[in-house]
Amino acid sequence: METPQNMISSSPGRIYLRPMILSDVDDYMVWATDSKVARFCTWEPCTSRDEAIKYITDKVLTHPWLRAICLEDDRPIGYILIMPVDDIRKEIGYVLARKYWGKGFATEAVRLVTAEIFKEMPEIERLEALVDVENVGSQRVLEKVGFTREGLMRKFICIKGSVRDTVMFSFLPSDILK
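Under full-length UniProt numbering, the first residue of the sequence shown carries the number 1, and numbering increases by one thereafter.
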């Protein structure tokens, strides 16, 4: 199978990443309506299909770098994105349907993106991840890929009315991917 330019595939092909499309709305709703999935996210759980369509149309389709995390059947189980911080720093973020937690899919997706993003955006000197101090699973994902845990950012972000401590992780082009 030929891999389109904007699609990234893992080896041996357990998952692949592709741009999300509007017809992914029903799969998107699986994780977007789950309060446990949204717990550490800046967004509130989605409450209707119309709200999900609006979010995908306004935020996902217009995002400069967001990919659906898909299984072999082409159904998204989450997404991963790269957000600009400044000219040389980008932030990675990801979300996964709860049913797929603890199975290595997030780790594979982060590894895929980390391996490719410095080639796609050679201006990047640093890829960052900010993780809620209580989100131990996400911290483990980053450590497994080879991100460096840099420290605790106290009272760093307000999420859903709560001021939260955040752990800063980074990956540099010279770091070794695990």
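Beta carbons: idealized from backbone N, C-alpha and C, even for Gly.
Cα-Cα separation, Ser170 to Ile21: Between Ser170 and Ile21, the C-alpha separation is close to 29 angstroms.
Neighbourhood of Phe118 by C-beta distance below 6 angstroms, restricted to the same chain and skipping five residues each side: Excluding sequence neighbours, Phe118 sits near Ile124 and Pro173.
Cut-off 8 angstroms between Cβ atoms - residues of its own chain near Arg154, not counting five sequence neighbours on either side: Close CB contacts of Arg154 within its chain, under the 8 angstroms cut and outside five residues either way in sequence, are with Asp165 (chain order).
Pick from Val167, Arg18, Ile53 and Pro122 that is closest to Asp87, judged by C-alpha positions: That would be Pro122, whose Cα lies nearest to the Cα of Asp87.
Exposure of Glu108, with buried meaning 16 or more beta-carbon neighbours within 10 Å: Counting C-beta atoms within 10 angstroms of its own C-beta, Glu108 has 16 or more neighbours from the protein chains shown and is therefore classed as buried.
Distance between beta carbons of Leu177 and Arg111, contact taken as under 8 angstroms: With a Cβ gap of about 6 angstroms, Arg111 and Leu177 count as contacting.
At least three beta-carbon pairs within less than 8 angstroms, the stretch 49-61 to the stretch 84-101: With a cut-off of 8 angstroms, the stretch 84-101 and the stretch 49-61 do not count as touching, because too few Cβ pairs lie within range.
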